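For the sequence shown, my numbering assigns the number 44 to the initial residue and increments by one for each residue that follows.
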Amino acid sequence: MPGFNRPCRDLTADDLYLMNVTGVRKAISEQIAEMRKPRFMGKYTGWSRIGLMEQVFPGARFINVIRDGRAVAWSLLNVPWWLGWRGPEQWRWGNLDEEDREIWERSGKSFFVLAGLQWKILMENLREKGASIGDRYLEIRYEDLVASPMEVISQMLQWADLSIDPKFIDEVKRLSKYDANQKWKEQVDDVQKRAFDSLLGPALDRFGYEVNPEY
Numbered sequence: 044m045p046g047f048n049r050p051c052r053d054l055t056a057d058d059l060y061l062m063n064v065t066g067v068r069k070a071i072s073e074q075i076a077e078m079r080k081p082r083f084m085g086k087y088t089g090w091s092r093i094g095l096m097e098q099v100f101p102g103a104r105f106i107n108v109i110r111d112g113r114a115v116a117w118s119l120l121n122v123p124w125w126l127g128w129r130g131p132e133q134w135r136w137g138n139l140d141e142e143d144r145e146i147w148e149r150s151g152k153s154f155f156v157l158a159g160l161q162w163k164i165l166m167e168n169l170r171e172k173g174a175s176i177g178d179r180y181l182e183i184r185y186e187d188l189v190a191s192p193m194e195v196i197s198q199m200l201q202w203a204d205l206s207i208d209p210k211f212i213d214e215v216k217r218l219s220k221y222d223a224n225q226k227w228k229e230q231v232d233d234v235q236k237r238a239f240d241s242l243l244g245p246a247l248d249r250f251g252y253e254v255n256p257e258y
């Protein structure tokens, strides 16, 4: 499906006609057989696409790695492919609804806040669609994964009904850990931090992040 990686909206069951379901299933089955693994795991970002993927792979499980919206926003502002510089009328996430438009206007059209709105829109989309599939949707925090990788990975494996492979655990232990969440704290000025926390504080709270009253 050519548009799978960069759709302008979430993909749902209604978009199934665009996908070569037989071909996709065959390719994944062949890859699983070649790798001699019980499961296939893929990674993608952006919209949930759960409605579509549910049709292609019934019973599939989904993990949403949630990260502090301020860290995500600052990261987006520092990659060349972010389209928010053109304004929300020309990015990939649709026009802002009335509430989000007001947030952006009140921020003085801050790009840091706009990137935060992208995070909010996508996290809300993922949580809403995830709720529709019950315990086949799991949320984990990026911060927890960095701080305690073995604990979080063990939780994911148990949730996915997968055994813990000692070789896999050894590979995880060898990986270097880097917490990229410090960048926004060091590089964003206090004016922008206050604007983000003030306007997107409720969204931060819903996803388990605290605002800082000391800016």
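Note that beta-carbon positions come from the ideal geometry of N, C-alpha and C, so glycine has one too.
All values derive from a computational prediction rather than experimental measurement.
Using the beta-carbon count (16 or more within 10 Å), is Ile93 buried or exposed? One-based indexing of the sequence shown puts residue 93 at position 50. It is buried - the Cβ of Ile93 has at least 16 other Cβ atoms within 10 Å.
Helix, strand or coil, according to DSSP, for Phe47 in the structure here? Residue 47 sits at position 4 when you count from the first residue of the sequence shown. Residue state, collapsed to three classes: coil.
Report the three-state DSSP secondary structure of Tyr87 (helix, strand or coil). Taking the sequence shown and counting its residues from 1, the one referred to as residue 87 is at position 44. Coil at Tyr87, not helix or strand.
With a CB to CB cut of under 8 Å and the five nearest residues on each side skipped, what residues in its chain are close to Leu160? Taking the first residue of the sequence shown as position 1, residue 160 is located at position 117. Excluding sequence neighbours, Leu160 sits near Pro131, Leu139, Asp143, Ile146, Trp147 and Leu243.
When the distance is taken between beta carbons, is Ser118 closer than 9 Å to Lys210? Walking along the sequence shown from the start, residue 210 turns up at place 167. Walking along the sequence shown from the start, residue 118 turns up at place 75. Not a contact, by the Cβ cut-off of 9 Å.
Buried or exposed, going by whether 16 or more other CB atoms sit within 10 Å of the CB of Asp233? Here residue 233 corresponds to residue number 190 of the sequence shown, with the count starting at 1. Its Cβ having fewer than 16 others within 10 Å, Asp233 is exposed.
Sufficient close CB pairs (3 or more, under 8 Å) joining the segment 174-188 to the segment 90-107: yes
Which residues mark the beginning and the end of the alpha helix (DSSP H) in which Asn168 is found? Along the sequence shown, read from residue 1 onward, the residue named residue 168 stands at position 125. Where Asn168 is concerned, the enclosing alpha helix (DSSP H) stretches over Phe154 to Ala174.
One question on the structure: do Arg110 and Leu247 come within less than 9 Å of each other, judged by their Cβ atoms? Walking along the sequence shown from the start, residue 110 turns up at place 67. Walking along the sequence shown from the start, residue 247 turns up at place 204. Not closer than 9 Å, so no.
Residues bridged to Ile106 [DSSP beta-bridge criterion]: Taking the first residue of the sequence shown as 1, we reach residue 106 at position 63. Answer by DSSP bridge pairing, in chain order: Leu181.
Who are the near neighbours of Val64 in its chain, counting only those whose CB is closer than 8 Å to its CB and skipping five residues on each side? Position 21 of the sequence shown holds residue 64. Taken in chain order, the residues that qualify are Gln98 and Val99.
Residues in its own chain within less than 6 Å of Ala190 by CB, not counting five upstream and five downstream? Position 147 of the sequence shown, counting from 1, holds the residue named residue 190. Result list for Ala190: empty, nothing under 6 Å.
Reduced DSSP category for Glu257 - H, G, I as helix; E, B as strand; rest coil: Within the sequence shown, numbered from 1, the residue matching residue 257 stands at position 214. Glu257 falls in the coil class under three-state DSSP.
Going by Cα to Cα distance, which pick from Tyr252, Lys220, Glu214 and Val115 is closest to Thr88? Residue numbering aside, residue 88 sits at position 45 when the sequence shown is read from its first letter. The candidate whose alpha carbon is nearest that of Thr88 is Val115.
Decide if Trp128 is buried, meaning its Cβ has at least 16 other Cβ atoms within 10 Å, or exposed. Residue mapping note: residue 128 aligns to position 85 of the sequence shown, counting from 1. Looking at its Cβ environment, which holds fewer than 16 other Cβ atoms inside 10 Å, Trp128 is exposed.
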